[in-house]
Amino acid sequence: MPNLLYFTRYALVGALALSLGACATTKKKQYAGTDDGDYITGSPLPDRVDGVSFLGENVDRHRFEPVYFAFDSYDVSGSEAAKLGPIVQFLNSARGSSQLIIAGFTDERGTEEYNRGLGERRAQSVRAALLEQGADASRIQTTSFGKEMPADPGSNEAAWARNRRAEFGVTR
Amino acid sequence: MLRTLLLAAALSLPTAAVLAPRAGAAETPTITISKSDSIALGLAPISGPDGAALTQAVRRHLSLLGYFSVVEAGKAPMTASGASSGGSLQGKVADYSGSTVLQRSYSGGTREQAIAFANDIVETLTGKPGIAGSRIAFVGTRTGKKELYTADYDGTNVKQMTHDGNISVAPALAPGGRKLAYTGYLKGYADIYVIDLGSGSRQRIVKFPGTNSGAAFSPNGSQIACSISRDGNPELYVVGANGGGARRLTKTRGVESSPSWSPDGSEIVYSSDQGGGPQLYRISASGGSGRLLSTGFGYCTEPSWSPDGKKIAFNVRQGGSFRVAVLDLGSGATRILSGAGDDARDPAWGPDSRHLIYAKGNGLYLIDSQTNRSSRLIDNLGGISEPTWAR
Numbered sequence: 418m419p420n421l422l423y424f425t426r427y428a429l430v431g432a433l434a435l436s437l438g439a440c441a442t443t444k445k446k447q448y449a450g451t452d453d454g455d456y457i458t459g460s461p462l463p464d465r466v467d468g469v470s471f472l473g474e475n476v477d478r479h480r481f482e483p484v485y486f487a488f489d490s491y492d493v494s495g496s497e498a499a500k501l502g503p504i505v506q507f508l509n510s511a512r513g514s515s516q517l518i519i520a521g522f523t524d525e526r527g528t529e530e531y532n533r534g535l536g537e538r539r540a541q542s543v544r545a546a547l548l549e550q551g552a553d554a555s556r557i558q559t560t561s562f563g564k565e566m567p568a569d570p571g572s573n574e575a576a577w578a579r580n581r582r583a584e585f586g587v588t589r
Numbered sequence: 432m433l434r435t436l437l438l439a440a441a442l443s444l445p446t447a448a449v450l451a452p453r454a455g456a457a458e459t460p461t462i463t464i465s466k467s468d469s470i471a472l473g474l475a476p477i478s479g480p481d482g483a484a485l486t487q488a489v490r491r492h493l494s495l496l497g498y499f500s501v502v503e504a505g506k507a508p509m510t511a512s513g514a515s516s517g518g519s520l521q522g523k524v525a526d527y528s529g530s531t532v533l534q535r536s537y538s539g540g541t542r543e544q545a546i547a548f549a550n551d552i553v554e555t556l557t558g559k560p561g562i563a564g565s566r567i568a569f570v571g572t573r574t575g576k577k578e579l580y581t582a583d584y585d586g587t588n589v590k591q592m593t594h595d596g597n598i599s600v601a602p603a604l605a606p607g608g609r610k611l612a613y614t615g616y617l618k619g620y621a622d623i624y625v626i627d628l629g630s631g632s633r634q635r636i637v638k639f640p641g642t643n644s645g646a647a648f649s650p651n652g653s654q655i656a657c658s659i660s661r662d663g664n665p666e667l668y669v670v671g672a673n674g675g676g677a678r679r680l681t682k683t684r685g686v687e688s689s690p691s692w693s694p695d696g697s698e699i700v701y702s703s704d705q706g707g708g709p710q711l712y713r714i715s716a717s718g719g720s721g722r723l724l725s726t727g728f729g730y731c732t733e734p735s736w737s738p739d740g741k742k743i744a745f746n747v748r749q750g751g752s753f754r755v756a757v758l759d760l761g762s763g764a765t766r767i768l769s770g771a772g773d774d775a776r777d778p779a780w781g782p783d784s785r786h787l788i789y790a791k792g793n794g795l796y797l798i799d800s801q802t803n804r805s806s807r808l809i810d811n812l813g814g815i816s817e818p819t820w821a822r
């Protein structure tokens with residue numbers, strides 16, 4: 418049952434993003450390849466903006482609070498989702514071309530490449546939640562650092578909980 | 432025919448093999464010996480100016496390759512010997528009666544001579560491929576950053592390949608070891624780069640929005656399987672060796688990662704958490720749906736398909752640490768190779784489908800899947816992770 422709800426939500430978000438994208442640009446063939454356009458798992462990311470990345474000097478990484486996750490999970494819980502409102506507000510009110518980069522991280526447990534995937538999935542979950550609240554998809558990028566750059570270098574439950582996170586970078 | 436007869440003679444003395452002291456133990460620290468099915472082989476000191484180095488290198492290869500227990504000359508049905516002179520090695524293997532089984536001349540440096548002689552001994556006496564000299568790659572943190580290194584399969588001949596002071600991870604060697612693909616963060620995002628190891632040229636070949644990672648070369652080197660998240664979710668993709676023609680294979684709400692190709696290139700095994708915890712799936716390289724591989728374990732990641740196609744090595748998570756497991760595709764049985772609490776990570780098969788390398792803390796290890804014997808190959812390059820082995 419939760420899966421069905423999830424599917425429905427994503428299909429709607431995906432359809433919305435696709436129709437928005439279609440309005441914004443007349444030519445809607447963003448990527449090469451043999452995709453059939455059926456983005457059942459989400460909406461595609463917009464092209465990266467040159468010179469904008471999470472670690473760039475033109476990016477403020479402390480403006481918004483990180484979102485935290487349970488072990489091996491990428492679900493944004495209710496209390497964590499409450500942190501997203503100000504971000505949506507910022508994105509939709511910011512003048513010019515302010516970009517948001519969501520960076521996903523994991524704790525040190527888990528193998529390297531799986532953690533990279535899990536970190537990206539966390540960033541994408543946060544992105545989907547932002548889109549659901551009406552954020553402008555064309556301003557959001559995602560990245561994953563897996564278990565690199567822990568917020569807390571410790572090897573205990575408290576440190577792991579602080580490291581399972583998505584951080585936000587916004588261009589200044 | 433000759434080979435078969437000689438091998439039969441050698442195998443008829445299994446007790447000698449088990450009881451014989453293991454020469455070369457000082458060079459290759461041994462952790463576990465749970466069983467031994469090796470053949471006793473004598474090694475006489477190689478004569479000549481480079482003799483000592485050659486003897487040591489040949490003994491190291493023969494010990495690591497697992498088919499032989501190396502003993503003193505004359506204490507086994509067959510004995511290898513050699514003479515080094517004028518920059519070349521005359522290698523020879525003779526049986527008890529003095530009949531020559533192998534006689535060949537080797538040129539090049541002492542490294543190349545020892546590799547070629549050891550491989551000839553393995554191939555002549557066992558009919559199996561010798562893997563001495565094959566190349567591996569891995570991540571090391573000696574410099575304080577994650578950089579990529581290549582080495583021979585025995586941990587010698589180490590070369591640092593990246594010097595970016597950034598994050599360089601998830602290496603994959605092309606068939607024959609001519610190219611190195613990896614995940615690099617030079618642009619602030621995870622992208623897939625390929626280094627031509629001959630020319631040293633580097634290209635960023637997969638750079639879609641989101642995260643691009645986990646490259647694995649197809650057996651003929653013409654394609655790369657990887658994870659790409661441009662669709663709003665990390666999915667399994669196949670791209671050309673130059674990064675073009677991206678083709679998506681999976682569509683799930685979960686995380687697809689760590690692809691590894693079947694030897695004929697028709698299928699890919701990967702890890703996905705679409706059903707909860709990460710599990711192994713196999714999928715046709717041309718598309719379709721992923722099929723769950725039942726392993727009996729709840730958390731399975733980082734699969735490696737053996738070059739003979741019969742086995743898949745992977746990591747299982749048990750009690751907070753990782754162990755190396757091998758799934759036999761014929762019987763469906765899963766066997767754990769590494770010890771409990773070892774935290775052995777990222778197993779990768781060697782070209783002989785018998786040996787694996789894995790990472791554990793600051794060590795890179797070689798394990799013989801037939802004997803469960805582990806040898807530490809490298810312990811001086813900082814934290815080691817994500818080893819891979821060229822086929």
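If you read the protein sequences in the order shown, they are chains A and B. Per our numbering: the first sequence = residues 418 to 589. Per our numbering: the second sequence = residues 432 to 822. The C-beta atom is built at its ideal place from N, Cα and C for all residues, glycine as well. All figures in this text were calculated on a predicted structure; none of them were measured in a lab.
### Message
Is it buried or exposed, T838 of chain B, if we count other Cβ atoms within 10 angstroms and call 16 or more buried?
### Response
The structure shown does not extend to residue 838 of chain B, since chain B is modelled only from 432 to 822, so the question has no answer here.
### Task
Please state if the CB of S688 of chain B and the CB of Y531 of chain A are separated by a distance shorter than 8 Å.
yes
### Query
Which same chain residues, not among the five before or five after P503 of chain A, have their C-beta less than 8 Å away from its C-beta?
F481
### Task
Check whether the Cβ atoms of F728 of chain B and V747 of chain B sit closer than 8 Å, and answer yes or no.
yes
### Query
What residues of chain A sit near T732 of chain B, judged by a beta carbon separation below 8 Å?
G527, T528, E530, Y531
### Task
Closer than 6 Å by C-beta to A563 of chain B: which residues in its own chain qualify, once you throw out the five before and the five after it? Chain order, please.
H492, I546, A549, N550
### Query
Do A821 of chain B and R566 of chain B have their C-beta atoms closer together than 8 Å?
yes
### Query
Helix or strand or just coil, what does DSSP make of P476 of chain B?
coil
### Message
Taking the beta strand (DSSP E) that L556 of chain B belongs to, which residues open and close that run?
### Response
Not the beta strand (DSSP E): L556 of chain B falls in the alpha helix (DSSP H), residues 541 to 557.
### Task
Enumerate in chain order the residues of its own chain whose CB-to-CB distance from R589 of chain A is below 6 Å, with the five nearest sequence positions on each side excluded.
N475, D477
### Task
Tell me, to the nearest whole angstrom, how far the beta carbon of Y498 of chain B is from that of T572 of chain B; I am working on the premise that it is less than 8 Å.
The pair is not a contact, with the Cβ atoms about 34 Å apart (cut-off 8 Å).
### Query
Alpha carbon to alpha carbon, what distance is there between I798 of chain B and A514 of chain B?
31 Å
### Message
Under 7 Å, CB to CB, which of the residues in the region 465 to 492 of chain A have a partner in chain B?
### Response
R465, S470, F471, L472, G473, D489
### Message
Which complete beta strand (DSSP E) runs does the region 732 to 803 of chain B hold, if anything under 3 residues is left out?
### Response
742 to 749, 752 to 759, 765 to 767, 776 to 780, 786 to 791, 794 to 799
### Query
Taking the C-alpha atoms as reference points, what is the distance between L579 of chain B and N509 of chain A?
42 Å
### Task
Inspect the CB distances between the region 633 to 640 of chain B and the region 596 to 610 of chain B and report whether three or more fall short of 8 Å.
no
### Query
So, helix, strand or coil for G586 of chain A, using DSSP?
strand
### Query
Got a sec: is the Cβ-Cβ distance from S561 of chain A to anything in chain B below 8 Å?
yes
#### Entry: Classification of H786 of chain B by the beta-carbon crowding that lies within 10 angstroms, buried from 16 upward
buried
#### Entry: Burial state of R679 of chain B (16 or more Cβ within 10 Å)
buried
### Task
My understanding is that L548 of chain A touches V686 of chain B, with C-beta atoms under 8 Å, so please give their C-beta distance in whole angstroms.
About 19 Å; that fails the 8 Å criterion.
### Message
Taking its Cβ as the centre, do 16 or more other Cβ atoms sit within 10 Å of T528 of chain A, making it buried, or is it exposed?
### Response
buried
### Query
According to DSSP, what are the bridge partners of V686 of chain B?
Partner(s): none; V686 of chain B has no beta bridge.
### Query
Measuring CB to CB, does Y701 of chain B end up less than 8 Å from P734 of chain B?
yes
### Query
Does T642 of chain B come within less than 8 Å of chain A when only Cβ atoms are used?
yes
### Task
List the residues of chain B whose Cβ lies closer than 9 Å to the Cβ of P567 of chain A, in chain order.
Going along chain B, no residue has its Cβ under 9 Å from P567 of chain A, so there is no contact; the nearest lies around 13 Å.
### Interface flag, V587 of chain A vs chain B, CB-CB below 8 Å
no
### Stretch pair the region 511 to 530 of chain B + the region 472 to 492 of chain B: three plus CB contacts closer than 8 Å
yes
### Task
For Y796 of chain B, decide whether its Cβ has a neighbour in chain A, counting only Cβ atoms nearer than 8 Å.
no
### Query
At a CB-CB cut-off below 7 Å, which residues of chain B make contact with P503 of chain A?
Result: empty, since nearest Cβ-Cβ is about 23 Å, beyond 7 Å.
#### Entry: Close beta carbons around K444 of chain A, own chain, < 7 Å, minus the five adjacent residues each side
Any reading at K444 of chain A is ruled out, since the residue's pLDDT is 33, under 50, leaving its predicted position unreliable.
#### Entry: Presumed contact (8 Å Cβ cut-off) between G586 of chain A and A520 of chain A, rounded CB distance
7 Å
### Query
If we ignore side chains and look at the alpha-carbon of each, how far apart do G763 of chain B and L723 of chain B end up?
12 Å
### Contact set for K446 of chain A: own chain, Cβ-Cβ below 7 Å, skip 5 residues either direction
Residue confidence for K446 of chain A is low, a pLDDT of 33 falling below 50, so the modelled location carries little weight and cannot support an answer.
#### Entry: Local conformation of I519 of chain A per DSSP, three classes
strand
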